[in-house]
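Numbering (UniProt numbering), first residue to last: 1 to 1062.
Report on the structure given below.
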């Protein structure tokens, strides 16, 4: 019968308007019970009986239709949060009972066994004889005879099963499931029943129409209390309660309480390790009292040690030994799920952001023999025996983007109100109402003098009314003095101390907390580009500049003249180190050209010139020409080229000038970007090379380039070269405002105060509304204790800043502002509203973090308390000074104010990188990459994360990471990293394309040439491989792991292919 027809059979007055229909379809696979039998099915939810079927006769062991219908009724008009939480937390319980007809022997044996067991329990011996004992014995025997004549119907439990209702809340219209009925007894050994012989119950549960309409989509928290380890003998399971808070909002609107309470009971002492345990499933929280398989959920316990967050002072191996040992522990493995609406989820998130932990209380029965004695190991103070403990779970992992689950260890501490307040806030512990905090140490004060009558009346009122009233006045005074002395000296305050067992091992608990949807959303991953060629920007082919025969002739002559000069210089260099005969001279010189890379450069330079010469000067043969015509054309072209070359050689006088490699695709901004990248990676020589090349591109006529070069030297504490560079900038533009300010700061740091004051005057005279210069001038005067000058500079600086904010103009001067590139830190904290913050930023850009710290100190005086911009830029200044630990401390404070600000996480990762803490770096960087809101420039994070994945040999992840910067902010290092990842993935074609792009941006990277040599070897292009190897060696690849790998590959090829590679 369809379910709709069955539901229509329910009487109209009993039919629910909201709730769930429950239909039991059939009972199958009845094995091991004599048939026929009569059964009945009972359905319960949260200890409430939803319905019980009539007795059904079962005659077939394979399949029997039941078709029993009942419902779960929601009486309220709307589904409340309480209903959602109940349905989420508790399952339906199905109990199948059956009746059998017992024979006389069965009745006698059972009655006898009951009598014997009752006698054993009561400790009864042979009963004493009574006057009417014989009569009562006769009546009992007669009654038992009457029962033995008739068959007796005995009710037994066939099995129990539970059904999870969560799919209905998640949107499923119906649940159809075949439940395995487990025996209510824990049978072992030969009494155990195989899974295939257990009865099967087919049930269907469907939602009544519009029951869940209007329910806001929420989240679900899964809290699993697993086990308590290293327990002492005082921990007894019958009286042990575990309480924790739930992120659940079930209170009234006028209540301020935001969290619910859950209480775990029914823990059992176990000695088997998790691997040896038969059951590896979690138990329903509400079915903890049922110690068999019918209480289990479908969720498995997590036994992965690597995913366990170890917050104990134990090594991983020691923790693993404890978990694998057979030492007795208290085990629950109970799962409590709770429904969280948006308000409850926000409250849960705010609690974790504020405190980073979640409290769990362990409470023993309040008996003297169950109290645990504790002692503070550091101070030696012995606390009173306690039966109340607390553990604080570190759930900070749930605050990371996309993280939905964390499994943590936490040590137990004695419950002390003051410590709970410190870790859990002013609300104390939400689980237990805390008593008012009173000071443990009382200050003794001398009582005020009173009149004799007052003292006498008070003494009369204090007369004892008990047995102690007979004591003398001297004894009472002695007692009072003793109590006053105790108050004066003071008892030692109770301190929350960690709990250890008899062997000195920490007592700890393992709890798993999971949410269905992460508290912090993870950025959706973009589709990974499959082709590296699509990342390489299209570069238009250069238009041929030669448009006629005369221009082709002139270009050919200039090229030959340049090559003659190169050969002349190389020959002079060669002869300065070699003194050989003429016969050996030519051979060695040719080898020298190959080894130095000059031969390759000459070939690449000459090839396009010859193509243009032949096309415009000599012309090409027709396409349909036969072989003889082509041979004649080739011979004629060769003769003309060689004869023309000889003519030019005879006319040219050799001069010393070498052809330099031209980075035609690299503009000045690109070179500056590469230089900043090299500085952050610690390659100072490469940064110097990029900055010099940038100055040469502009022919030394751009003052901004010279200022950047001066900042570079100032950061390296090379103040002499910094002064020379900024002098060049001021020579080109005497009113270069950043240059004037830099020169003043440079003179200040060199303690040339007169020069510093002169340049401060100059920059403020030229630019009177340059408020950053005025505030720097103010700090300078403050430092040299010129109070009049400092007050004037301060007033001018604040006034200029206010004028700038109130003005509609964007700039007060027509000069071009200097552009800075920032990779490790950024701006954007509304610093325009804070003059000292803005000035500190400028000082950081100019390379003076010490002076920036002085500005931030002034800002702190104005703000009265640290703000996020203050903490961030203070961390930047310490990062620039190499004080990475101090920088991390400031960033940790800032994350307490704003957990999701990824600029804080990014700088934390950079500090971890400098401290060589790879795991910490990876954690911080991954948080940034997974966040939905990411800064514009993540180039440095992608570069370092890609290198980290290469070191971890996760080449696929490295490829995915390097693809992003190659598309948005390409540099030689990211293309090199991508080429390395592709090479290790054996994608040689795309690896070669990536390395060629890196070579285009910077042809002086030895690792690029080494990888190209390896790729050419893999593809059996031996001549190209040899050229790449020679260039790599010339650039300094020797004594590196990559070069050793190249030599190994060469040796393998020579053993297989002979001496082709030579």
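We put the beta carbon where it would ideally sit given N, CA and C, even for glycine.
6 Å CB neighbourhood of residue i in its chain, flanking five on each side removed
i, result
"residue 44", "93"
"residue 271", "326 and 328"
"residue 178", "200 and 202"
"residue 801", "771 and 835"
"residue 295", "283, 284 and 287"
"residue 855", "836, 839 and 840"
Test item: CB-CB of residue i and residue j under 8 Å
i, j, result
"residue 909", "residue 928", "yes"
"residue 853", "residue 870", "no"
"residue 983", "residue 1019", "no"
"residue 25", "residue 204", "yes"
"residue 849", "residue 877", "yes"
"residue 285", "residue 89", "yes"
"residue 358", "residue 393", "yes"
"residue 246", "residue 207", "no"
"residue 515", "residue 219", "yes"
"residue 81", "residue 341", "yes"
"residue 553", "residue 640", "no"
"residue 969", "residue 941", "no"
Inter-residue CB distance, residue i and residue j (contact presumed, cutoff 8 Å)
i, j, result
"residue 72", "residue 19", "5 Å"
"residue 248", "residue 260", "4 Å"
"residue 790", "residue 778", "5 Å"
"residue 715", "residue 882", "With a Cβ gap of about 11 Å, residue 715 and residue 882 do not count as contacting."
"residue 315", "residue 407", "At roughly 18 Å, the Cβ-Cβ gap does not stay under 8 Å, so residue 315 and residue 407 are not in contact."
"residue 774", "residue 796", "5 Å"
"residue 55", "residue 38", "4 Å"
"residue 409", "residue 311", "6 Å"
"residue 703", "residue 736", "5 Å"
C-alpha distance - residue i paired with residue j, whole-angstrom precision
i, j, result
"residue 738", "residue 729", "10 Å"
"residue 680", "residue 1025", "32 Å"
"residue 896", "residue 356", "9 Å"
"residue 614", "residue 643", "14 Å"
"residue 747", "residue 977", "42 Å"
"residue 866", "residue 967", "39 Å"
"residue 720", "residue 825", "27 Å"
"residue 29", "residue 517", "39 Å"
"residue 1041", "residue 647", "49 Å"
"residue 243", "residue 875", "40 Å"
"residue 227", "residue 313", "18 Å"
"residue 693", "residue 792", "43 Å"
Residue i classed as buried or exposed, judged by whether at least 16 other C-beta atoms fall within 10 angstroms
i, result
"residue 727", "exposed"
"residue 47", "exposed"
"residue 959", "buried"
"residue 229", "buried"
"residue 884", "buried"
"residue 84", "buried"
"residue 420", "buried"
"residue 317", "exposed"
"residue 751", "exposed"
"residue 195", "exposed"
"residue 289", "exposed"
"residue 607", "exposed"
"residue 411", "buried"
"residue 17", "exposed"
7 Å Cβ shell around residue i - same chain, five flanking residues per side excluded
i, result
"residue 1049", "1014 and 1017"
"residue 950", "958, 977, 980 and 981"
"residue 708", "672 and 691"
"residue 888", "908 and 911"
Other residues of its chain near residue i: CB distance less than 8 Å, five sequence neighbours each side excluded
i, result
"residue 1052", "none"
"residue 65", "25 and 26"
"residue 401", "518, 520, 521, 522, 523, 927, 930, 931 and 932"
"residue 505", "230 and 322"
Proximity test, Cβ basis, 8 Å: residue i and chain B
i, result
"residue 158", "No chain B is part of this structure, which consists of one protein chain only."
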